[in-house]
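So the protein sequences, as listed, match chains B and W.
The first sequence maps to residues 62 to 432 in the numbering used here.
The second sequence maps to residues 62 to 432 in the numbering used here.
Even for Gly, the Cβ is constructed at its ideal location relative to N, Cα and C.
Here's the structure we're looking at; comments come further down.
2 protein chains.
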Amino acid sequence: MALKVGIVGGGQLARMMIAPAVELGLDVRVLAEEHGMSASLAATATGDYRDLETVRAFAKDVDVVTFDHEHVPQEVLRALVADGVAVHPGPDALQFAQDKLRMRARLAELGAPQPEWAAVSDAAQLQAFLDANGGRAVVKTPRGGYDGKGVRVVSSPEEVADWFETGTLLAEELVDFSRELAQQVARRPSGELVVYPVVETVQRGGVCAEVIAPAPHGAARLVEVAAEIGRSIAEGLGVTGMLAVELFETTDERLVVNELAMRPHNSGHWSQDGAVTSQFEQHLRAVLDLPLGDTSPRQPWAVMVNILGGPATDSLESRLPGALAAHPAAKVHTYGKAPRPGRKVGHVNTTGEDLDATVYEARAAAAFFAD
Amino acid sequence: MALKVGIVGGGQLARMMIAPAVELGLDVRVLAEEHGMSASLAATATGDYRDLETVRAFAKDVDVVTFDHEHVPQEVLRALVADGVAVHPGPDALQFAQDKLRMRARLAELGAPQPEWAAVSDAAQLQAFLDANGGRAVVKTPRGGYDGKGVRVVSSPEEVADWFETGTLLAEELVDFSRELAQQVARRPSGELVVYPVVETVQRGGVCAEVIAPAPHGAARLVEVAAEIGRSIAEGLGVTGMLAVELFETTDERLVVNELAMRPHNSGHWSQDGAVTSQFEQHLRAVLDLPLGDTSPRQPWAVMVNILGGPATDSLESRLPGALAAHPAAKVHTYGKAPRPGRKVGHVNTTGEDLDATVYEARAAAAFFAD
Chain B
62 MALKVGIVGG GQLARMMIAP AVELGLDVRV LAEEHGMSAS LAATATGDYR
112 DLETVRAFAK DVDVVTFDHE HVPQEVLRAL VADGVAVHPG PDALQFAQDK
162 LRMRARLAEL GAPQPEWAAV SDAAQLQAFL DANGGRAVVK TPRGGYDGKG
212 VRVVSSPEEV ADWFETGTLL AEELVDFSRE LAQQVARRPS GELVVYPVVE
262 TVQRGGVCAE VIAPAPHGAA RLVEVAAEIG RSIAEGLGVT GMLAVELFET
312 TDERLVVNEL AMRPHNSGHW SQDGAVTSQF EQHLRAVLDL PLGDTSPRQP
362 WAVMVNILGG PATDSLESRL PGALAAHPAA KVHTYGKAPR PGRKVGHVNT
412 TGEDLDATVY EARAAAAFFA D
Chain W
62 MALKVGIVGG GQLARMMIAP AVELGLDVRV LAEEHGMSAS LAATATGDYR
112 DLETVRAFAK DVDVVTFDHE HVPQEVLRAL VADGVAVHPG PDALQFAQDK
162 LRMRARLAEL GAPQPEWAAV SDAAQLQAFL DANGGRAVVK TPRGGYDGKG
212 VRVVSSPEEV ADWFETGTLL AEELVDFSRE LAQQVARRPS GELVVYPVVE
262 TVQRGGVCAE VIAPAPHGAA RLVEVAAEIG RSIAEGLGVT GMLAVELFET
312 TDERLVVNEL AMRPHNSGHW SQDGAVTSQF EQHLRAVLDL PLGDTSPRQP
362 WAVMVNILGG PATDSLESRL PGALAAHPAA KVHTYGKAPR PGRKVGHVNT
412 TGEDLDATVY EARAAAAFFA D
């Protein structure tokens, strides 16, 4: 009997696990939020991931439960574990991806490099943080933010007055960074851990736009330090499956941790076509406690450019022939989502021996899908 | 709306089209023979592909109908075409893959290099062919053979006496070959055609055991001649989608055509991990008349070793951890099939810069699944 993986959430990350699951001979099943989602091909159930009985029924027939996102409530996760279900990543690890205040506190205990930060419960506390950090700060809601949502750069407490009603906020130093990087690692329940090369990520409007793997101009020390940060966080937090650590490289050449994701991550989409083992295959292997795969790049450079829906994007299908004709070596991935403005609906991967050419080809192919 | 591809047949070739369909954002649907087949994840219908109404109902909602195998009857194919359904490859091409006598006759018209052959309807005709060809011949039933079935090497007509009752047979010269090669090409309805590098195939007991891509010691002339044979057959027969031309390289360094397959083929499984565009993605692109992808190898060498069920093979899942642990860079593909003895149930792909090491790794990883 094939090993059975149950994925909670029907988005594109679940979708992109389908291909490697089929290749490896795994039985992949998805609990989707509704019909017609990205991962609907593998959907065997539809329902609310916040409802214990829905998730419990889904989990009954699988060897492991894993996730498309980090939003399944702790009480649901802990009930599954109490039922004897293998849940990876588990609730003890996921709490740190679900709550940025807990993450900062735990990373501080682990000694991971971080921006200055504070938990602020009212305007006075935030003002004190601003005063101590040059008058500006990044304020985040501890829960539910993604792609720039739940994040504001402020210079006065009034700018987040509406948020204080929701509870304690996270205030962070506005890091003076030269670029953003991401470090991915995979870890099995039995402890085996593998490290991907650190990559450079380029954000636009709070959304990942491009990724270059490996990070250009990555001195050996940078690569080692990033890997060590990833390794120590995965082990310190008990992460199972894929972990992405978003990092700032500061203008004085330090790395500090920005965000964590305990699942396949946009910064690792390049690995589908650029690494021997993609992050999606690796996540499946890791959560099933199967031996992990080689993380080596297949080519010197891999570049990923996201496809976002634009105001005039009619359909991705209508753009596909032009992109494929002009760029026969580009790998176009689309997610089966309607191209609403700003929505991530696909990406293009390219690989090559020359960085500039590889970047150019990915951008040029992705441009066919833009307005 | 996503482009919709309907695949008739639920075997492993259909299964292996699922991954690239999901990546490209295609809506893939399978008409499976029964429940629980290799491609069941994408099965939207179950039924007999010989039944026109079953196939017609399946074809109603797709943009193109294509195939896991070549066994759909001509009358069913022609009825679909008459209905206005896009069918690729179409019946005019498929007849030559369905009937080896027709194939030999048509290839003769095209001037393709072939073994000596004859249609033989009785013992006297076969004896005459034997007398003219050194006393031995390969006799084939024109229809329904695969993996060595429907093929006998004979030195007297009595050895196929049982077959003459079924109709005219194909007698072929027993070619004195040094090795077997396979040439794959992809062709769109609009005419675009791309060529894969010619590969070496190693058969054991009439079944493909290993493939090395590209064929080692492939002189430039060999590569060109093989490509030209593939191109001329695809164009001459009007093939759409993937075409595999199985070739003998004779001891006097000629190439002659052994068999044709108008679908993804075992000789092209290496391309999943070894080529920029796999044969499965290419087939989907071709039958949808989308621009074709780059057929370049990703590495100097790619090797594929088939996994066959053995007398003591308990389950592939039980062997997977050992194989993955010992060979983290090997790509293991399994088909969700019970490992009955001799049955193709999976394969291993490896890529590398050194041929011997790449062959060794593929064999060693595949050996974990053998008895």
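What span of residues does the beta strand (DSSP E) with Glu296 (chain B) cover, start to end?
Position 235 of the first sequence, counted from the first residue, corresponds to residue 296 (chain B). Looking at the DSSP string, Glu296 (chain B) is not in any beta strand (DSSP E); the run it does join, the alpha helix (DSSP H), is Ala281 to Leu298.
Restricting to Cα atoms, I'd like to know which of W:Gly403, W:Leu87 and W:Glu170 is closest to Phe157 (chain W).
Along the second sequence, one-based indexing puts residue 157 (chain W) at 96. Checking every option, the nearest Cα to that of Phe157 (chain W) belongs to W:Glu170.
Please confirm if Asp415 (chain B) has its CB atom under 8 Å from at least one CB of chain W.
Within the first sequence, the letter at position 354 stands for residue 415 (chain B). No Cβ of chain W is located within less than 8 Å of the beta carbon of Asp415 (chain B).
How big is the Cα-Cα spacing for Thr105 (chain W) and Pro358 (chain B)?
Numbered from 1 along the second sequence, position 44 holds the residue referred to as residue 105 (chain W). Numbered from 1 along the first sequence, position 297 holds the residue referred to as residue 358 (chain B). Near 37 Å, if we compare the C-alpha coordinates of Pro358 (chain B) and Thr105 (chain W).
How about Leu254 (chain B): is its C-beta nearer than 8 Å to some C-beta of chain W?
As a position in the first sequence, residue 254 (chain B) is number 193, starting the count at 1. For Leu254 (chain B), the closest Cβ of chain W is not nearer than 8 Å.
Along chain W, which residues have their Cβ under 7 Å away from the Cβ of Ile79 (chain B)?
In the first sequence, counting from the first residue as 1, residue 79 (chain B) sits at position 18. What Ile79 (chain B) touches in chain W, judged by beta-carbon distance under 7 Å, is Val83, going in chain order.
Taking the straight line between their C-alpha atoms, what separation do you get for Glu84 (chain W) and Ile79 (chain B)?
If you number the second sequence from 1, residue 84 (chain W) lands on position 23. If you number the first sequence from 1, residue 79 (chain B) lands on position 18. Cα to Cα, the separation comes out at about 9 Å.
Measure the alpha-carbon distance for Gln135 (chain W) versus Ile273 (chain B) and round it to whole angstroms.
Indexing the second sequence from 1 puts residue 135 (chain W) at position 74. Indexing the first sequence from 1 puts residue 273 (chain B) at position 212. Whole-angstrom Cα-Cα distance: 50 Å.
Please report the straight-line C-alpha distance between Arg240 (chain B) and Ala426 (chain W), rounded to a whole angstrom.
Counted from its first residue, the first sequence places residue 240 (chain B) at position 179. Counted from its first residue, the second sequence places residue 426 (chain W) at position 365. Cα to Cα, the separation comes out at about 41 Å.
Would you tell me roughly how many angstroms separate the C-alpha atoms of Val146 (chain B) and Gly267 (chain B), rounded to the nearest one?
As a working mapping, residue 146 (chain B) is identified with position 85 in the first sequence. As a working mapping, residue 267 (chain B) is identified with position 206 in the first sequence. So the two alpha carbons sit approximately 36 Å from each other.
Of all the CB atoms in chain W, is at least one closer than 8 Å to the CB of Leu64 (chain B)?
Along the first sequence, one-based indexing puts residue 64 (chain B) at 3. True, the Cβ-Cβ gap to chain W drops below 8 Å.
Counting contacts by CB-CB distance shorter than 8 Å, is Asp109 (chain W) in contact with chain B?
Residue numbering aside, residue 109 (chain W) sits at position 48 when the second sequence is read from its first letter. Asp109 (chain W) does not count as touching chain B.
Terminal residues of the alpha helix (DSSP H) in which Ala75 (chain W) lies
Within the second sequence, residue 75 (chain W) is the residue found at index 14, counting from 1. For Ala75 (chain W), the enclosing alpha helix (DSSP H) has its first and last residue at Gln73 to Leu85.
Using only CA atoms, which one of B:Met98, B:Gly413, B:Pro81 and B:Phe238 lies nearest to Asp313 (chain B)?
Taking the first sequence and counting its residues from 1, the one referred to as residue 313 (chain B) is at position 252. Nearest C-alpha to Asp313 (chain B): B:Phe238.
Comparing alpha-carbon positions, which option in W:Arg249, W:Gly335 and W:Phe309 lies nearest Leu298 (chain W)?
Your numbering for residue 298 (chain W) matches position 237 in the second sequence. Out of W:Arg249, W:Gly335 and W:Phe309, W:Arg249 has the C-alpha closest to the C-alpha of Leu298 (chain W).
Evaluate Gln264 (chain W) with the Cβ neighbour count: other Cβ atoms within 10 Å of its Cβ, from every protein chain shown; 16 or more gives buried, anything less gives exposed.
Reading the second sequence from its first residue, position 203 is the one you call residue 264 (chain W). Gln264 (chain W) comes out exposed.
Any beta-carbon of chain B closer than 8 Å to the one on Tyr257 (chain W)?
As a working note, residue 257 (chain W) is residue 196 in the second sequence. Not closer than 8 Å to any Cβ of chain B, the Cβ of Tyr257 (chain W) fails to qualify, so no.
Could you tell me the boundaries of the alpha helix (DSSP H) in which Gln333 (chain W) lies?
Locating residue 333 (chain W) in the second sequence gives position 272, where the first residue counts as 1. Where Gln333 (chain W) is concerned, the enclosing alpha helix (DSSP H) stretches over Ser332 to Gly335.
Please report the distance separating the alpha-carbon of Leu254 (chain W) from that of Ala276 (chain W).
Looking up residue 254 (chain W) in the second sequence gives position 193. Looking up residue 276 (chain W) in the second sequence gives position 215. Distance between the alpha carbons of Leu254 (chain W) and Ala276 (chain W): 21 Å.
Beta-carbon separation of Val393 (chain B) and Leu381 (chain B) under 8 Å?
Numbered from its first residue, the first sequence carries residue 393 (chain B) at position 332. Numbered from its first residue, the first sequence carries residue 381 (chain B) at position 320. The answer is yes: Cβ separation under 8 Å.
Residues in the segment 332 to 351 of chain W having any Cβ partner in chain B nearer than 8 Å
Cβ contacts with chain B: Gln333, Val337, Thr338, Arg346 and Leu351.
For Val66 (chain B), does the count of other Cβ atoms within 10 angstroms reach 16, so buried, or fall short, so exposed?
Stepping through the first sequence from its first residue, residue 66 (chain B) is reached at position 5. With 16 or more neighbouring CB atoms inside 10 Å of its own CB, Val66 (chain B) falls in the buried class.
Selected residue, minimal CA-CA separation from Asp144 (chain W), among W:Asp160, W:Asp153, W:Arg165 and W:Ala118
Locating residue 144 (chain W) in the second sequence gives position 83, counting from the first residue. The shortest C-alpha separation from Asp144 (chain W) is found at W:Ala118.
Using 8 Å as the cut-off, can you tell me whether the segment 96 to 112 of chain W makes contact with the segment 393 to 402 of chain W, which would need three or more C-beta pairs spanning the two stretches below that distance?
With a cut-off of 8 Å, the segment 393 to 402 of chain W and the segment 96 to 112 of chain W count as touching, because enough Cβ pairs lie within range.
Reduced DSSP category for Thr419 (chain W) - H, G, I as helix; E, B as strand; rest coil
For the purposes of this step, residue 419 (chain W) is identified with residue 358 of the second sequence, where counting begins at 1. If DSSP states are grouped into helix, strand and coil, Thr419 (chain W) belongs with the helices.
Could you check if Ala386 (chain W) is buried or exposed, using at least 16 other CB atoms within 10 Å of its CB as the buried criterion?
As a working mapping, residue 386 (chain W) is identified with position 325 in the second sequence. By the neighbour-count criterion, in which 16 or more other beta carbons inside 10 Å mark a residue as buried, Ala386 (chain W) falls on the exposed side.
Within chain W, partners of Tyr396 (chain B) - CB distance below 8 Å
Locating residue 396 (chain B) in the first sequence gives position 335, counting from the first residue. Near Tyr396 (chain B) (Cβ distances below 8 Å), the residues of chain W are Gly86.
What three-state label does DSSP hand Thr202 (chain B) in the structure shown?
As a working mapping, residue 202 (chain B) is identified with position 141 in the first sequence. Thr202 (chain B) sits in coil when the DSSP states are folded into three classes, being neither helix nor strand.
Any contact of the segment 302 to 321 of chain W with the segment 217 to 224 of chain W, i.e. 3+ C-beta pairs under 8 Å?
Fewer than three Cβ pairs drawn from the segment 302 to 321 of chain W and the segment 217 to 224 of chain W lie within less than 8 Å of each other, which leaves the two stretches out of contact.
Within the chosen definition, does the segment 280 to 288 of chain W reach the segment 332 to 341 of chain W through at least 3 CB pairs nearer than 8 Å?
Between the segment 280 to 288 of chain W and the segment 332 to 341 of chain W there are fewer than three inter-stretch CB-CB distances shorter than 8 Å, so the stretches are not counted as touching.
Compare the beta carbon distance of Ala247 (chain W) and His149 (chain W) with 8 Å and say whether it is the shorter of the two.
Locating residue 247 (chain W) in the second sequence gives position 186, where the first residue counts as 1. Locating residue 149 (chain W) in the second sequence gives position 88, where the first residue counts as 1. No. Outside cutoff.
For Ser101 (chain W), which three-state DSSP category applies?
What you label residue 101 (chain W) is simply residue 40 of the second sequence in a count that begins at 1. Looking at Ser101 (chain W) - three-state DSSP - the assignment turns out to be helix.
Under a three-way DSSP split, which group does Asn410 (chain B) fall into?
Position 349 of the first sequence, counted from the start, is the residue given in the question as residue 410 (chain B). Assignment of Asn410 (chain B) by DSSP, reduced to helix, strand and coil, places it in the strand class.
Spatial neighbours of Pro174 (chain W) in its chain, beta-carbon cut-off 8 Å, leaving aside the 5 residues before and after:
Here residue 174 (chain W) corresponds to residue number 113 of the second sequence, with the count starting at 1. Taken in chain order, the residues that qualify are Ile290, Arg315, Leu316, Val317 and Val318.
Against chain W, which members of the segment 374 to 385 of chain B pass a CB distance test of less than 9 Å?
Cβ contacts with chain W: Ser376, Leu377, Glu378, Leu381, Pro382, Gly383, Ala384 and Leu385.
With C-beta atoms as the reference, is Ser328 (chain B) less than 8 Å away from Cys269 (chain B)?
Start at 1 with the first residue of the first sequence, and residue 328 (chain B) comes out as number 267. Start at 1 with the first residue of the first sequence, and residue 269 (chain B) comes out as number 208. The Cβ atoms of Ser328 (chain B) and Cys269 (chain B) sit closer than 8 Å to each other.
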